[in-house]
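Colleague: Under full-length UniProt numbering, the first residue of the sequence shown carries the number 1, and numbering increases by one thereafter.
Just so it is clear, CB atoms sit at the ideal spot from N, CA and C, and this is done for glycine as well.
Quick one: the structure is below, and I'll ask about it shortly.
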Amino acid sequence: RFSQTKKNDADWLLTQTAVRPLVGIVCGSGLGGLADLLKDQVAFNYRDIPNFPQSTVHGHAGRLVFGTLKGRPCVCMQGRFHLYEGYPIQKITLPMRIFKMLGVKTVILTNAAGGLNQDFKVGDIMIIKDHLNMPGFAGNNPLTGPNDERFGVRFPCMSDAYDRELLQMAMDVGSELGYSDFLREGVYCALGGPSFETIAECRMLHKLGVDAVGMSTVHEVIVARHCGMRVFALSLITNQAVMDYDSEEKANHNEVLQTAKQRAQQLEKLVSTMVIRMKHNNNYS
Ligand SMILES: O=P(O)(O)O[C@H]1O[C@H](CO)[C@@H](O)[C@H]1O
Ligand SMILES: Nc1nc2[nH]cnc2c(=O)[nH]1
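Here it is in structure tokens:
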């Protein structure tokens, strides 16, 4: 059933735009401005794409934007789907398979996340080098169910999920742009949400080696890697996870959106420079 939906969506989109994207970008909470960098835009509201889920979260506009970045064809999701919105996990990740069918080779995912690493500050950008898939530990993995061999193997490897070359490129580009003071790398952990973490949960995640916590990205990464797309992902640290019973801090979505607003331009510059550099390096067919 999902397979037919994906094919219909991809075919429908390909008849509506001449852009044949090689890069697919997913914008995290409050980070939708990335899509505005695209030139010669052709944009679709999710509600107008047959069978597509709808964005229900503030800070996720719900538009699929095609366009070019210095001549490089891209497609950008201005808004993603989360488990807590009530969608089945396969529906949340449906856009990754549509990306694949559109011809996308590299996926760039961004998100807003809480910082657990005590060296991190609000406003830091963390390049994701690995993840913990908490819903997956409980059996909620987007690849659950019959495996569609046309996309990938039954048991995909995840030790190479985050492309090392792109991670290095992000560090290099970041340092050239003068971002080194707020550029980090680390491990992202996805939880189901929508409640933010308790203090005990934050302490546990910290002990497990998690640097940043959020409610997205990991499911998309798994599906993107399953079908062989290259993955680069980053978190904007929008708030410090609360680790201390004396703290007055309370995680909230407004703070997340506020921080995103403050750092959005630099994050956009980092990502767009990388997309342009990918072309120059001729990394892709
Ligand atoms: O991961 P993104 O989509 O950036 O959103 C993050 O921000 C929201 C919480 O403020 C949650 O949805 C969390 O996952
Ligand atoms: N789970 C979770 N998601 C977030 N998204 C932005 N900040 C946070 C956070 O502190 N926790």
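Say the cut is 7 Å; is the CB of ALA112 nearer than that to a heavy atom of ligand 2?
Modeller: Taking the first residue of the sequence shown as 1, we reach residue 112 at position 112. Indeed, a heavy atom of ligand 2 lies less than 7 Å from the Cβ.
Colleague: For the candidate residues ALA35, THR93, GLN54 and ILE92, whose alpha-carbon lies nearest to that of LEU69?
Modeller: As a first step, residue 69 must be located in the sequence shown, where it is residue number 69. When each option's Cα is compared against that of LEU69, the closest is ALA35.
Colleague: Just reading off the beta strand (DSSP E) that ALA212 is part of, what are its end residues?
Modeller: Within the sequence shown, residue 212 is the residue found at index 212, counting from 1. Start and end: 212-214.
Colleague: May I ask you to list the residues that DSSP assigns as paired with ASP130?
Modeller: Working through the sequence shown from its first residue, we reach residue 130 at position 130. Answer is VAL187, bridged to ASP130.
Colleague: So the candidates are ASP148, ILE108 and ILE89; which of them puts its Cα closest to the Cα of MET77?
Modeller: On the sequence shown, position 77 is the one that residue 77 refers to. If we check each option's Cα against that of MET77, ILE108 comes out closest.
Colleague: State the CB to CB distance for the pair LYS105 and ARG230, rounded to an integer number of angstroms; the pair is presumed to be in contact (CB under 8 Å).
Modeller: As a working note, residue 105 is residue 105 in the sequence shown. As a working note, residue 230 is residue 230 in the sequence shown. That pair is a contact at about 6 Å.
Colleague: Can you tell me whether HIS280 is buried or exposed, with buried defined as 16 or more other CB within 10 angstroms of its CB?
Modeller: Here the question's residue 280 lines up with position 280 in the sequence shown. Annotation note: pLDDT 43 at HIS280 (below 50); position unreliable, coordinate value reported separately. Label assigned to HIS280: exposed.
Colleague: With 16 other CB atoms within 10 Å as the buried threshold, where does THR198 fall?
Modeller: Translated into positions along the sequence shown, residue 198 becomes position 198. By the neighbour-count rule (16 or more Cβ atoms within 10 Å), THR198 is not buried but exposed.
Colleague: Taking 7 Å as the cut-off, does the CB of GLN196 come closer than this to any heavy atom belonging to ligand 2?
Modeller: In the sequence shown, counting from the first residue as 1, residue 196 sits at position 196. One point to set straight first is that residue 196 is Phe, not Gln, in the sequence displayed. Yes, the beta carbon of PHE196 sits closer than 7 Å to at least one heavy atom of ligand 2.
Colleague: Pop quiz: SER216 and GLY28 are said to be a contact at Cβ under 8 Å. What is the actual Cβ separation, rounded to whole angstroms?
Modeller: To locate residue 216, count along the sequence shown from 1; it is residue 216. To locate residue 28, count along the sequence shown from 1; it is residue 28. Correct: roughly 7 Å between the Cβ atoms.
Colleague: Taking 7 Å as the cut-off, is the C-beta of VAL213 nearer than that to any heavy atom in ligand 2?
Modeller: Here residue 213 refers to the residue found at position 213 when the sequence shown is read from its first residue. Under cutoff, so the answer is yes.
Colleague: At a threshold of 7 Å, does VAL256 count as lining ligand 2 (C-beta to nearest heavy atom)?
Modeller: The sequence position of residue 256 within the sequence shown is 256, counting from 1. Yes.
Colleague: Heavy atom of ligand 2 less than 7 Å from the Cβ of THR238, yes or no?
Modeller: As a first step, residue 238 is located in the sequence shown; it is residue number 238 there, counting from the start. Indeed, a heavy atom of ligand 2 lies less than 7 Å from the Cβ.
Colleague: From what residue to what residue does the beta strand (DSSP E) around PHE151 run?
Modeller: Position 151 of the sequence shown, counting from 1, holds the residue named residue 151. No beta strand (DSSP E) contains PHE151, which DSSP labels as neither H nor E.
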